[in-house]
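Chains B and D supply the protein sequences, listed in that same order.
Going by my numbering, the first residue of the first sequence is number -16, and it counts up by one from there.
Going by my numbering, the first residue of the second sequence is number 89, and it counts up by one from there.
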Amino acid sequence: MSDYNFAYLDEDTKRMIRRAILKGIAVPGYQVPFASREMPMPYGWGTGGVQITAATLVPQDVLKVIDQGADDTTNAVSIRKFFQKTAGVEVTERTTEATVIQTRHRIPETPLTGDQILVYQVPIPEPMRFLEPRETETRRIHALADYGLMQVRLYEDIARHGEIATSYAYPVEVAGRYVMDPSPIPKFDNPKLDDCPAIQLFGAGREQRIYALPPHTGVRSLDFDDHPFTASKADHACAICGSGTSYLDEVITDDDGGRMFVCSDTDYCARRAEGVQ
Amino acid sequence: MYVAVKGGERAIDAAHDWLGRAHRGPAEQPALDTAQIRDQMALAVGRVMAEGSLYDPDLAALAIKQARGDLIEAIFLIRAYRTTLPRLGASDPVDTGAMRVKRRVSATFKDIPGGQVLGPTFDYTHRLLDFRLMANGELPASPASGAEGKPLHAPHVLGFLDRDGLIEDAPDSGETPPDLTREPMELPADRALRLQALARADEGFLLGLAYSTQRGYARNHAFVGELRIGAVTVEMDIPELGFSIEIGEVELTECETVNQFKGSKTEPAQFTRGYGLTFGQTERKAISMALVDRALRWQELGEEDQGAPAQDPEFVLSHCDNIQATGFLEHIKLPHYVDFQAELELVRRLRAGTEDAS
């Protein structure tokens, strides 16, 4: 596909995005505005992540794309094909082989290394958005670290339900400063954000924001001393690989509502089923 | 293996094949020619160019064909193409006063220099289906009046009010307007940036907002001072030459509204302005844009904040782009198994807690 530049975006656009990424890495958890481009896939399909991946990829990279933890969900397939076509990079389903992993809604079960970049697709980057719809106001909140509103919300959850009733996109505090939306990963994945050796980049295309976690950044899920954060998952083992510690999808298997639970991370599950750890 | 988890690739390929067949329709019918779309569906082409922010009737026609007539999808195709184009430079501001008008009406003055020109409008047609068009018959060609396309000296109507000081000044600040396709939108946005966003905003969204101002949600009673449609010359300054040369022509719709303003402590009573400018023959959009532009100016004019949606720049600008809106809306079709699973467990746990308590 010679009509387009390597990885689709022109070099000026990549430079603009790389600057935003570098700024994001310099100020962990801070949402950097960037001039997001219209991409050839719709907003909401991961245009922020795609732009970061496009600006990050070099020809030697090995790319893995997952959606819901799986490599062959439709949108993961579509994005992987896009980069195969426009960048010609090698692709893989193996977490350990990948140098760049673009993800939607999950962090792989296999621990990441310092040679990897994890790119998240982010729908709403602003953790305070559903408490305060105005951008002008939320920027002020972050500038002043005025996060009382969030604490009150979490407290109200406990008062009403006995626990914090947020199961995904669970807010975190980054390096003791910015409150950040980790994208809609299940809160089960939140502990993997902390002290991660890989670079973690977050892209929100429609909302024109990039933010980042440099390697080994301290990331704390918001909680209270008497109601500590707990990562939760379905209380089952995987029906395929038998893992008792991985995040599970619940699959309805018949008309009578029969269920089975399988790993959401298909690569992890397949490796285990093959007996490779 | 669970079917929905596996086979994404095969499913996508099969869906694309199906789309290809559905797109073409029955093979015994002739395929649509993009030139036919460009010339016979010119108003759709205008909308796609306006909201796609790219003036190219041929590409807009291609996009409409490829999108199977879904105009928002066509606009998306144009936007995605546009964003790959290099930015060579900026044209000089176009002179809409020198527009070669094919339609030009004023609702504020009965007669105006240059005259009222109805042009090719639906305004006074009776909306009766013309079955002759369906029978594949050609309508009898009406003789051209001879006035069509004739250059017309038509100065801006609002200029006459301006001369008498009855309407607010609209001086050229000389500042280069920001470019929202190259810089992230920053709020609060100045009027130039707001107008830029409105010019590519969804016609239906702006229509609804403009209508809401007419019905009392921040009413700013608007007269259409002038609505004009026609071709303007685009000129560009070429640094190597040291002067501007004509590089082409675009069709524009321009709407200037005259709105009431009671005056304030510092300003005498005078009329105020709303402004709309769009590519192609897109007058519903241009009028809507002018009304919304005027409603958004409440602060600058010292008016009251009525809390109306059309007065709220952050609300309007964050939601007026149909490509952003449709993308985010439709993305909820994508898999959300993981998050839903997390919610399922939470609801089960909360329910278990209530049952224990009762």
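Every residue gets a Cβ at the ideal spot worked out from N, C-alpha and C, and that includes glycine.
Your pair A149 of chain D and T122 of chain D checks out as a contact, with CB atoms roughly 4 Å apart and the cut at 8 Å. Closer than 7 Å at the C-beta level to chain B, one finds these residues of the region 415 to 445 of chain D: G415, F416, E418, H419, L422, P423, Y425, V426, D427, Q429, A430, E431, L432, E433, L434, L438 and G441. Neighbours of A99 of chain D in chain B, taken as residues at a C-beta separation under 8 Å, are given in chain order as T57. At a cut-off of 8 Å between C-beta atoms, V74 of chain B does not count as an interface residue with respect to chain D. Judged by DSSP in its simplified three-state form, N224 of chain D adopts coil rather than helix or strand.
Around P167 of chain B, the beta-carbon contacts reaching into chain D at under 7 Å are D427. The C-beta of T264 of chain D comes no closer than 8 Å to any C-beta of chain B. Here the alpha carbons of G390 of chain D and G134 of chain D stand approximately 36 Å from one another. Look at the region 388 to 414 of chain D: the residues with a C-beta under 8 Å from a C-beta of chain B are E402, S406, I411, Q412 and T414.
Within the same chain, K47 and L101 come within 6 Å of I84 of chain B by CB-CB distance, once the 5 residues on both sides are set aside.
8 Å or more divides the Cβ of R1 of chain B from the Cβ of A53 of chain B. In the structure shown, V234 of chain B falls within a strand segment according to DSSP collapsed to helix, strand and coil.
Residue-level contact by beta carbon fails for G330 of chain D and chain B, as no gap is shorter than 8 Å. Rounded to whole angstroms, the separation of the alpha carbons of D237 of chain B and I49 of chain B is 27 Å. Counting C-beta atoms within 10 angstroms of its own C-beta, F17 of chain B has 16 or more neighbours from the protein chains shown and is therefore classed as buried. Taking C-beta separations shorter than 8 Å and ignoring five residues to either side along the sequence, A223 of chain D has no partners in its chain. Taking the Cβ atoms as the reference, A222 of chain B lies roughly 29 Å from T96 of chain B, outside the contact range of under 8 Å. Pairing C179 of chain B with E431 of chain D, the inter-Cα distance amounts to about 26 Å. When rounded, the separation of the alpha-carbon atoms in Y153 of chain B and M163 of chain B is 9 Å.
Judged by DSSP in its simplified three-state form, M187 of chain D adopts coil rather than helix or strand. Counting of Cβ neighbours within 10 angstroms places L249 of chain D among the buried residues, the total reaching 16 or more. For the region 20 to 37 of chain B, the set of positions with a beta-carbon nearer than 7 Å to some beta-carbon of chain D reads R20, E21, M22, P23, P25, Y26, G27 and W28 in chain order. Rounded to whole angstroms, the Cβ separation of A277 of chain D and L379 of chain D is 18 Å, and the two are not in contact under 8 Å. Under DSSP, L184 of chain B takes part in a beta bridge, and its partners are B:V102 and B:A195.
Interface residue (Cβ-Cβ distance to chain D less than 8 Å): S204 of chain B is not classified as such. Between A142 of chain B and chain D, the shortest Cβ-Cβ separation is not below 8 Å. Closest by C-alpha distance to S19 of chain B, out of B:P11, B:L5, B:I35 and B:G145, is B:I35. The shortest C-alpha to C-alpha distance from M133 of chain B to any of B:T213, B:E156 and B:Y151 is the one to B:E156. Contacts between M377 of chain D and chain B, judged by CB atoms closer than 8 Å, are missing: the closest CB pair is about 21 Å apart.
Taking 8 Å as the upper bound for CB-CB distance, R372 of chain D and E314 of chain D are not in contact here, some 16 Å apart. Contact with chain D is absent for Y103 of chain B, since none of that chain's Cβ atoms lies less than 8 Å from the residue's Cβ.
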